[in-house]
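First up is the structure itself, then whatever we jot down about it.
Protein chains in written order, with this note's numbering: chain A, 213 to 815; chain B, 22 to 210.
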């Protein structure tokens, strides 16, 4: 008895303290912020009585229908503003949810058709977006949870973005200028379409059409379509097309981006007559990697965790505004980085892409040292190089740096590549005969469904792998009742779920290209997307986790006594649940054959 | 997707009739005194900063939107703590209805979560499923005792009940939990 008393105490101690304590600092700051958010509701009945002469009798208390919007709305009680008829010049064109105007700390709901004065601050809540038309005819689309102020600038107008994101379709400026400003950056506009985000970690500016000039402190950068800049290098940069996926005009924006990318292809560096795009200075050092069996090692030996091989880059890419450093990269890795070897839009950093390219024989030949030597590259970027992030470089979304790497390989390594098309096995993704069954992406509040590393707050987030699926009824429905015996038993025993292990692709606001990238990781074969479907979708695909890729973790769960979903297969699930078909096929892919290459002279 | 917290809709007229809760000064005092326990409780149940934020916001927003309940006037701390437990458990339940993504392909090569953390997750899940079957009184006491490590006397003063009542409820609810968690306790040995 005493022992079991002990045990229950221990279990309760461990179970109830699973997450430990929040840090005092974090709690204090969260509580202060929340208190501030409650302000409009707390002070309203006391300080703004009907006797206040500033208040119009037509104003009334309004309770937003938070339940319908599926949100907890902070400013639950608001003043409905129907008096705003002053000669304002910015007009609220449309709203799809509550839009608020903040006046002297008080929050008022405003409707489509209202005008806004210079000096106004407006705010969208979760689940709501809005479109404003500025005095000069420019359109500003606000995403949910955004706040901006309209200000006068010395030679025009300024939109100050406090938080959230906007897409500005700037009208041609006749006499003045339009500026968009965040805490960190200022964007000067000529006549263009671009995105500005004010995120917790910093600001992001991305161009959809035209050009913008971004100033951060003393540095100024010119951005072209498809390019983006972040004020803080730790911020990740999804492709511009994903960063704008929340927009109601996403399709026309993406079309603009595609036009721009067709007009400006990445050029080969050695073509005569082309300007030479090169690093200002390059230092290359090399050593024998572990793949080559030692000898001549300059650095310390590889650790246990580094597998070695021509595609590993132990130190990865480091980038600051003027310097690019790549440590312990094999030549194949450098070629992959420079030429983006592999199917277009392939997910994953260069380690993965390089391994895939080698495994699929997209990158072949060359002397033995190509597979054994490791290089440390330190390069100085010329002034005016766009401020790419490390992630952009790793994802092959930094065309300028790719061209500089190509030049470096041609000049220092005397690399000559033969590029040719080759037939290779792929899966073709197409629309199934019954038509697509896709769920268009919905804007959701950021506060729900953050589990599993994906969140509706991100412009596009996606997760591929295994889920412990707890909802028996839904599981049965989605998989034609193919829950195995153990799973069915769990369904009976626990009302809250079966804990059945399922293969799962889940995404918010994902393009079909991103879904294809997930399928590729699962099937370990390139996927060619021939659906022709554009737009962003919410995806929740369940399938039997039989892919070799998932075998190890699945075996782990079997060991723990978990049930494993036995059907449907990934192929059937795609057809039944998304109306898409995945078929084996052969397509031409560009391959790279190393014709000749020399060890570089060390500086 | 249904939101786990549903606010009642109130007509503007009803909102107008509603007497103000208290002066802002009073509210500040209440918030300062009780919001930390609401936050810590939500954190302890849910383990996420965003969820803790949501719970604090919901609890105080509801308070501000309702006619001051009698229970609140009697013992604001006990009322708000109970609200915190209820809202946090609601959020947890809503979360349980969703699948938990446990592995990402990108991460598979690196490491699967350790067995220990999985075991703790399972314990957490079982514990709260069991808690669901207890009375609100029992849940509140257990959380104060085991999550917040409060003494019997402290629990009594937070909830406004005598020490004897606390001891008795604690004894009973622990016994009930022992039965509910029996399988799990057995696995341990």
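Note that CB positions come from ideal geometry on N, CA and C, so glycine has one too. Computed from a prediction, not measured in an experiment: that's the story for all the values here.
| Check | Outcome |
| --- | --- |
| Please state whether the Cβ-Cβ distance between residue 391 of chain A and residue 380 of chain A is less than 8 Å. | no |
| The beta strand (DSSP E) spanning residue 582 of chain A covers which residue range? | That residue, residue 582 of chain A, is in no beta strand (DSSP E); it is neither H nor E in DSSP. |
| In or out: residue 245 of chain A buried (at least 16 other Cβ within 10 Å) or exposed? | exposed |
| Reducing DSSP to helix, strand and coil, say where residue 452 of chain A ends up. | helix |
| Put residue 444 of chain A into one of helix, strand or coil per three-state DSSP. | coil |
| Given a threshold of 16 other Cβ atoms within 10 Å of its Cβ, counted over all protein chains shown, does residue 766 of chain A qualify as buried or as exposed? | buried |
| Once you ignore the five residues that flank residue 646 of chain A on each side, which residues in its own chain have a CB closer than 7 Å to its CB? | 791 |
| Is it the case that the Cβ atoms of residue 413 of chain A and residue 461 of chain A are separated by a distance below 8 Å? | no |
| Looking at chain A, is there any beta carbon in it that lies within less than 8 Å of the beta carbon of residue 154 of chain B? | no |
| Which of helix, strand or coil does DSSP assign to residue 765 of chain A? | helix |
| Classify residue 185 of chain B as buried or exposed, calling it buried when 16 or more other Cβ atoms lie within 10 Å of its own Cβ. | exposed |
| Which partner residues does residue 750 of chain A have in the DSSP bridge list? | A:651 |
| On the premise that residue 778 of chain A lies in contact with residue 756 of chain A, defined as a C-beta separation below 8 Å, what is that separation, rounded to the nearest angstrom? | 6 Å |
| Taking beta-carbon pairs under 9 Å, can you tell me which members of the stretch 215–232 of chain A lie near chain B? | 216, 217, 219, 220, 221, 222, 223, 224, 225, 226, 227, 228, 229, 230, 231 and 232 |
| To the nearest angstrom, report how far apart residue 534 of chain A and residue 592 of chain A are at their CA atoms. | 6 Å |
| What's the gap between the Cα of residue 488 of chain A and the Cα of residue 743 of chain A? | 39 Å |
| Go to residue 547 of chain A, then tell me how far its alpha helix (DSSP H) extends in each direction, as first and last residue. | 543–551 |
| If we count Cβ pairs, one from each stretch, closer than 8 Å, do we get three or more for the stretch 94–104 of chain B versus the stretch 137–153 of chain B? | no |
| Please name the residue in A:500, A:599 and A:357 whose C-alpha comes closest to that of residue 442 of chain A. | A:599 |
| Pull out every residue of the stretch 69–103 of chain B whose Cβ sits closer than 9 Å to any Cβ of chain A, in chain order. | 69, 70, 71, 72, 73, 74, 75, 77, 78, 79, 81, 82, 85 and 86 |
| Does residue 242 of chain A have its Cβ less than 8 Å from a Cβ in chain B? | yes |
| Within the continuous alpha helix (DSSP H) that includes residue 69 of chain B, where are the two ends? | Segment: none, residue 69 of chain B is in no alpha helix (DSSP H) and carries neither H nor E. |
| With a cut-off of 8 Å, does the C-beta of residue 423 of chain A fall near any C-beta of chain B? | no |
| Could you list which residues in chain A have their beta carbon closer than 9 Å to that of residue 65 of chain B, in chain order? | 228, 229, 230, 231, 232, 233 and 234 |
| Taking the beta carbon of residue 166 of chain B as the centre, do at least 16 other beta carbons fall within 10 Å, making it buried, or is it exposed? | buried |
| Would you say residue 195 of chain B faces chain A, with C-beta separation under 8 Å as the test? | yes |
| Chain A partners of residue 164 of chain B, CB-CB under 9 Å? | 228 |
| Helix or strand or just coil, what does DSSP make of residue 169 of chain B? | coil |
| Can you tell me whether residue 396 of chain A is helix, strand or coil according to DSSP? | coil |
| Count Cβ pairs between the stretch 567–584 of chain A and the stretch 416–426 of chain A that sit closer than 8 Å; are there 3 or more? | no |
| Check residue 736 of chain A in the structure and name its three-state DSSP category. | coil |
| Are the beta-carbon atoms belonging to residue 164 of chain B and residue 91 of chain B less than 8 Å from one another? | no |
| Counting only the same chain and skipping the five closest in sequence on each side, list residues whose C-beta sits under 7 Å from that of residue 619 of chain A. | 481, 488, 489 and 490 |
| Which word fits residue 171 of chain B, buried or exposed, when buried means at least 16 other C-beta atoms lie within 10 angstroms of its C-beta? | buried |
| Take the Cβ of residue 796 of chain A as the centre, count every other Cβ of all protein chains shown within 10 Å, and call the residue buried at 16 or more, exposed below. | exposed |
| Measure the C-alpha to C-alpha separation of residue 454 of chain A and residue 303 of chain A and round it to an integer number of angstroms. | 28 Å |
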